[in-house]
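Oh and the sequence shown: position 163 is 391 in this note's numbering, straight run, nothing missing.
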Amino acid sequence: MSGAVLASFSGVSKRYGERQVLADFSLAVHAGEVVGLLGPNGAGKTTALRVLCGLTPPDQGHAEIAGQDVQRQPIEARKNLGYVPDGAPLYSNLTTAEHLTLVGRLHGLTDQEMASASDRLMSGLELQERRDDPVGTFSRGMRQKVALACALLHKPRLLVLDEPLTGLDTSTAMVMKALMRGWGDRGGAVLVTSHLLEVVERICDRMAILARGRMLACGSFDELRAQAGGGSTLDEVFRSLTHSEDPTQAALRILGG
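Below, the structure written as structure tokens:
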């Protein structure tokens with residue numbers, strides 16, 4: 229990759245009690261890339277994102293955003309970060325506009341910059357009619373859109389998205405997919421987790437597959453297919469690399485067939 233490294237994990241390990249969540253995890257995401265972080269439930273994906281965003285300190289190793297250590301230089305690192313966690317945790321009593329104002333002030337935007345960016349984002353995400361409503365009255369999908377607007381407000385170089393399509397209507401999901409691909413094409417970088425493998429296959433340049441906190445494979449779809457020894461879809465490659473049960477057999481077992 230020729231672009232600058234905008235996100236990196238170097239030998240990151242994390243344990244909760246007896247459970248090893250991440251084990252010597254290393255990954256670099258370059259400018260111009262969209263990278264998917266994949267794995268079964270409990271693989272360590274969300275923990276990896278939290279380490280990168282400086283929310284969870286690693287037991288070993290370190291993570292950087294645009295060359296800034298997220299633990300030692302958190303303020304500088306987060307200037308380049310837009311993060312949307314799974315579930316879009318927001319302040320229920322604040323309105324859409326108030327959330328954007330709060331985030332804009334935290335990032336040091338001027339009133340003019342905040343107004344311009346807020347109007348553009350609310351229009352693009354169809355939030356204008358709900359700009360003055362408390363987000364506690366919103367559906368999950370609407371809250372997700374507010375969280376995304378907050379993440380994009382200061383035009384970060386790196387987007388970190390944890391299951392960003394959950395709860396979105398079809399139209400907004402299509403916008404989100406185009407946005408992720410466009411962010412990379414314009415020189416930014418995206419690190420995204422998703423269980424929608426067909427979406428990941430379509431928009432990601434590379435994919436890193438985790439299981440039990442360890443990296444199993446990383447590369448383009450063709451590279452992963454070669455490591456798996458074949459497979460016509462990412463779903464088949466993923467099942468091969470993670471040794472997952474065939475879904476048809478799992479369904480028959482559940483149904484008692």
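Beta carbons are placed, not taken as given, at the ideal position from N, Cα and C, and that holds for glycine.
Residue i and residue j closer than 8 Å at C-beta
i: Leu234; j: His258; result: yes
i: Ala439; j: Pro268; result: yes
i: Leu328; j: Ala377; result: yes
i: Ala306; j: Gly282; result: Per the sequence presented here, residue 306 reads as Arg, with Ala not at that position. Cβ distance < 8 Å, so Arg306 and Gly282 count as in contact.
i: Gly231; j: Gly260; result: yes
i: Leu389; j: Val363; result: no
i: Val367; j: Gly395; result: The question names Val, but residue 367 is Ser in the sequence shown. Contact flag set, yes.
i: Val240; j: Gln301; result: no
i: Leu386; j: Gly416; result: yes
i: Gly447; j: Arg434; result: yes
i: Gly264; j: Ser422; result: yes
i: Ala325; j: Phe237; result: no
i: Tyr311; j: Ala251; result: no
i: Thr284; j: Lys242; result: yes
i: Gly441; j: Gln248; result: yes
Close-in-space but distant-in-sequence residues of the same chain around residue i (CB under 6 Å, 5 per side omitted)
i: Leu469; result: Ile437, Leu444, Ala445 and Ala456
i: Val465; result: Leu452, Arg453, Ala456 and Gly459
i: Gln356; result: Met350
i: Leu266; result: Met435 and Ile437
Buried or exposed (CB count within 10 angstroms, at least 16 for buried), residue i
i: Tyr244; result: exposed
i: Glu246; result: exposed
i: Pro286; result: buried
i: Gln372; result: buried
Same chain only: Cβ atoms within 8 Å of residue i, ignoring 5 sequence neighbours per side
i: Lys405; result: Leu393, Val427, Arg430 and Ile431
i: Ala401; result: Leu393
i: Leu483; result: none
i: Val403; result: Gly352 and Leu353
i: Phe253; result: Phe237, Gly239, Val240, Ser241, Gly272, Ala276, Gly289, Leu438, Gly441, Arg442 and Met443
Proximity winner among the options, relative to residue i (alpha-carbon distances)
i: Met370; options: Leu318, Ala291, Leu265 and Glu341; result: Leu318
i: Gln299; options: Ala316, Val279 and Gly315; result: Val279
i: Pro384; options: Asp450, Arg453, Gly412 and Thr398; result: Gly412
i: Met408; options: Leu250, Ser472 and Val418; result: Val418
i: Ile194; options: Leu355, Leu265 and Leu255; result: Since the first residue of the chain shown is 229 and the last is 485, residue 194 is not available in this structure.
i: Met342; options: Asp463, Lys242, Leu381 and Gln477; result: Leu381
i: Ala375; options: Met402, Ser236, Ser399 and Ser346; result: Ser346
i: Asp474; options: Asp463, Asp297 and Glu354; result: Asp463
i: Ser399; options: Gln340, Leu353, Phe449 and Leu334; result: Leu353
i: Glu391; options: Leu424, Leu337, Gly336 and Val403; result: Leu424
i: His335; options: Leu309, Phe253, Phe449 and Asp450; result: Leu309
i: Val262; options: Gln477, Phe449, Thr476 and Thr461; result: Phe449
i: Ser320; options: Phe253, Thr365 and Glu304; result: Thr365
Other residues of its chain near residue i: CB distance less than 7 Å, five sequence neighbours each side excluded
i: Asp360; result: Thr323 and Ala325
At which residue ranges does the region 430-459 contain complete beta strand (DSSP E) runs of 3 or more residues, listed in the order of the chain? Counting only runs of 3 or more, we get 434-439 and 442-447.
Scan the region 301-370 and note each continuous alpha helix (DSSP H) run of 4 residues or more that stays entirely inside, going in chain order. Secondary structure within the region 301-370: the alpha helix (DSSP H) runs of 4 or more consecutive residues, fully enclosed, are 302-306, 324-334 and 339-352 (chain order).
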